[in-house]
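Note sheet for the following structure.
2 protein chains.
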Amino acid sequence: MASFLTVTSATDPRLADYTRLRDVNLRRSLEAEHGLFLAEGEKVIRRAIAAGHPVRSLLMASRWTAPLADVLDSVDAPVYVADDATLEGVTGFPVHRGALASLERLPLPPLAAVLRDARRVLVLEDLVDHANVGSIFRCAAALGVDAIVLSPRCADPLYRRAVKVSMGAVFAIPYARMTNWHDDLGELRAAGFTLLALTPDQAATPMDKAAMGDRAALLLGSEGDGLTSHWLDEADERVCIPMSPGAMSAGVDSLNVTAAAAIACHALLRR
Amino acid sequence: MASFLTVTSATDPRLADYTRLRDVNLRRSLEAEHGLFLAEGEKVIRRAIAAGHPVRSLLMASRWTAPLADVLDSVDAPVYVADDATLEGVTGFPVHRGALASLERLPLPPLAAVLRDARRVLVLEDLVDHANVGSIFRCAAALGVDAIVLSPRCADPLYRRAVKVSMGAVFAIPYARMTNWHDDLGELRAAGFTLLALTPDQAATPMDKAAMGDRAALLLGSEGDGLTSHWLDEADERVCIPMSPGAMSAGVDSLNVTAAAAIACHALLRR
Chain A
1 MASFLTVTSA
11 TDPRLADYTR
21 LRDVNLRRSL
31 EAEHGLFLAE
41 GEKVIRRAIA
51 AGHPVRSLLM
61 ASRWTAPLAD
71 VLDSVDAPVY
81 VADDATLEGV
91 TGFPVHRGAL
101 ASLERLPLPP
111 LAAVLRDARR
121 VLVLEDLVDH
131 ANVGSIFRCA
141 AALGVDAIVL
151 SPRCADPLYR
161 RAVKVSMGAV
171 FAIPYARMTN
181 WHDDLGELRA
191 AGFTLLALTP
201 DQAATPMDKA
211 AMGDRAALLL
221 GSEGDGLTSH
231 WLDEADERVC
241 IPMSPGAMSA
251 GVDSLNVTAA
261 AAIACHALLR
271 R
Chain B
1 MASFLTVTSA
11 TDPRLADYTR
21 LRDVNLRRSL
31 EAEHGLFLAE
41 GEKVIRRAIA
51 AGHPVRSLLM
61 ASRWTAPLAD
71 VLDSVDAPVY
81 VADDATLEGV
91 TGFPVHRGAL
101 ASLERLPLPP
111 LAAVLRDARR
121 VLVLEDLVDH
131 ANVGSIFRCA
141 AALGVDAIVL
151 SPRCADPLYR
161 RAVKVSMGAV
171 FAIPYARMTN
181 WHDDLGELRA
191 AGFTLLALTP
201 DQAATPMDKA
211 AMGDRAALLL
221 GSEGDGLTSH
231 WLDEADERVC
241 IPMSPGAMSA
251 GVDSLNVTAA
261 AAIACHALLR
271 R
């Protein structure tokens, strides 16, 4: 059972896990150093704990202790209770969802483990924006993608904003991180996956018409530049989402990566 | 030809159009009162001017006067040139895209005018988030939706963040605003549009299987609550995007409105 501790100072050292949530660089080093991540809001906290992440502590406004009572009963960690001004002083912005948890990361499974029983997977190459990563996880989970593979440099799905935008879907879908950007697509091919590279190039095969076979992996590139030429070349087929000819001539000629991912995942899962 | 004016004070009254861009409430009243809106970044400024919006003024770092030289030659408005610190002092945040334009709104066309030659339209009911509105415009334009109809309370596509997220697609697709939330869907039906109401309800017809006929309108609801029961009842058919049964049982049971809109628009345009 959790122990409740009232805190009244935003500089209380016991709240160090929650310091300055808007400072991306500070948070990256803090989270990496301690192997922690943050979950925000009742629903996401529940999902993170249900996924087996050990709880380091919780921090919340007193109004949240009752709705989370069953969770707090089940964990053995301090629960820091603070008023809204103290919360904002710690985090650097108003905490609308009123409850935060600091949790321990778990070792990611190896690539082979997440591929073993999967038929439809996404492979994300070097996405930079955490909100995009969270949005793609949410969409992939809802539509039924079996697993997600991240390139070595792809943004972290457990970074606070990714967790939040995913609505906790980062805990619902198995994922692994490649160790070798150059060679690891070979592991997917060896496992029998057809590799489909999504590109804005309208000369590619429309996603709806792509031959997928029993196992298929959809490769999605980074926000600015899309897939690298190496991954485009490694793919079995280049696929696209057909754009309106009128839009192309008006210069409105691309979808953002989350919209493209949503449409492509839907096509990937329809068959 | 534009006249160049160097400004060195963030409180210069000539820059009032650009004041405190992050203050949503201030901006809403300022923009409504003066019938103006802002475009950010070279590409979006070009699109806004090409769409016929008269220019009130421009504000930019000096490095942007050369890339925009042809535009500045063609407009008859003051061009305020400021250093980055002054720019940030005026707007309240670093202006990464380095160039802003204040433009005049144009009267929106009546509903009948945007429907006249359209076969595939979106109807947005009471969306609140400007980024979502911008994202949906971008996606709709790229995929070839002919027109967008807004409910009376739907968020403004010319609000700064909507314009920015749309990448200027708000200037590429005709749109109108309903005057009567209760009755104006009747005007679409009278014009021969099949009304399809998008809902997360998995008992609805999968979007891919919906009967559309020659003219079809896809109704999208607000972020939190979806479509109102009145609009659901007015529709000819309720349509859904099939979710994974496993995801449903894991509680990851919905798409955000932009992902849902992307998938539904793609299905709307495929036929």
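From first to last, the protein sequence lines stand for chains A and B.
Numbering of the first sequence is given in full-length UniProt numbering, commencing with residue 1 and proceeding in unit increments.
Numbering of the second sequence is given in full-length UniProt numbering, commencing with residue 1 and proceeding in unit increments.
Just so you know, even glycine gets a beta-carbon here, dropped at the ideal spot from N, CA and C.
Computed from a prediction, not measured in an experiment: that's the story for all the values here.
| Sequence ranges, beta strand (DSSP E) only - wholly within the stretch 96-141 of chain B, length at least 3 | 99-104 and 120-124
| query | Counting contacts by CB-CB distance shorter than 8 Å, is I263(A) in contact with chain B? | reply | yes
| task | Compare the beta carbon distance of T86(A) and A10(A) with 8 Å and say whether it is the shorter of the two. | result | yes
| field | Runs of beta strand (DSSP E) lying entirely within the stretch 30-61 of chain B, each at least 3 residues, in chain order | value | 36-40 and 55-60
| message | Under 8 Å: do the stretch 51-64 of chain B and the stretch 111-125 of chain B share three or more Cβ pairs, one atom per stretch? | response | no
| query | DSSP state of A223(B), grouped into three classes? | reply | This sequence places Glu at residue 223(B); Ala is not what is there. E223(B) falls in the coil class under three-state DSSP.
| said: Can you pull the chain B neighbours of T258(A), defined as C-beta to C-beta under 9 Å? | reply: S135, N256, T258, A259 and A262
| Which chain A residues are close to M243(B), counting only those with a beta carbon under 9 Å from its beta carbon? | A142, L143 and G144
| said: When you compare the CB of G226(B) with every CB in chain A, is at least one pair closer than 8 Å? | reply: no
| request: Mind the definition here: the stretch 202-213 of chain B touches the stretch 229-240 of chain B only if three or more C-beta pairs lie below 8 Å; say whether that holds. | output: yes
| Distance, Cα to Cα, V90(B) vs L38(B)? | 14 Å
| query | What residue from R138(A), R160(A) and G186(A) has the CA that sits closest to V95(A)'s CA? | reply | R160(A)
| query | Taking three-plus beta-carbon pairs below 8 Å as touching, is the stretch 156-171 of chain B in contact with the stretch 44-54 of chain B? | reply | yes
| message | Is there a Cβ of chain C sitting closer than 8 Å to that of H53(A), yes or no? | response | Chain labels in this structure do not include chain C; the protein chains are A and B.
| Just reading off the alpha helix (DSSP H) that T258(A) is part of, what are its end residues? | V257 to L269
| field | Residue range of the alpha helix (DSSP H) that includes P245(B) | value | P245 to S249
| Just checking, does the stretch 136-144 of chain B make contact with the stretch 14-28 of chain B on the three C-beta pairs under 8 Å criterion? | no
| said: Rounded to whole angstroms, what is the Cα-Cα separation between residue 282(A) and K209(A)? | reply: Nothing in the structure corresponds to residue 282(A), since chain A is present only between 1 and 271.
| task | Measure from the alpha carbon of E223(B) to the alpha carbon of each residue in A131(B), L30(B) and D70(B), then state which is nearest. | result | A131(B)
| message | Taking a contact to mean a Cβ-Cβ separation below 8 Å, would you say L36(A) touches R105(A) in this structure? | response | yes
| said: Can you look up F4(A) in the DSSP assignment and give me helix, strand or coil? | reply: strand
| said: Taking 8 Å as the threshold (beta carbon to beta carbon), is D214(A) in contact with chain B? | reply: no
| message | Using C-beta distances below 6 Å, list every residue in its chain close to L124(B), excluding the 5 sequence neighbours before and after it, in chain order. | response | L150, C154 and L220
| task | Output the distance between the C-alpha atoms of A162(B) and D156(B), rounded to the nearest integer angstrom. | result | 8 Å
| request: Would you mind stating whether R14(A) and V252(B) have Cβ atoms separated by less than 8 Å? | output: no
| field | Between the CA atoms of R28(B) and S254(A) - distance to the nearest angstrom | value | 29 Å
| message | Between G246(A) and chain B, is any beta-carbon pair separated by less than 8 Å? | response | yes
| said: Residues in the same chain with beta-carbon distance under 6 Å from P78(B), minus the five sequence neighbours each way, listed in chain order, please. | reply: S3, L5 and S57
| field | Cβ separation of L227(A) and A197(A), assumed to be a contact under 8 Å, to the nearest whole Å | value | 6 Å
| message | My assumption, with CB atoms under 8 Å, is that A176(B) sits in contact with A267(B). Please give the rounded CB distance. | response | About 23 Å; that fails the 8 Å criterion.
| said: Between C139(A) and chain B, is any beta-carbon pair separated by less than 8 Å? | reply: yes
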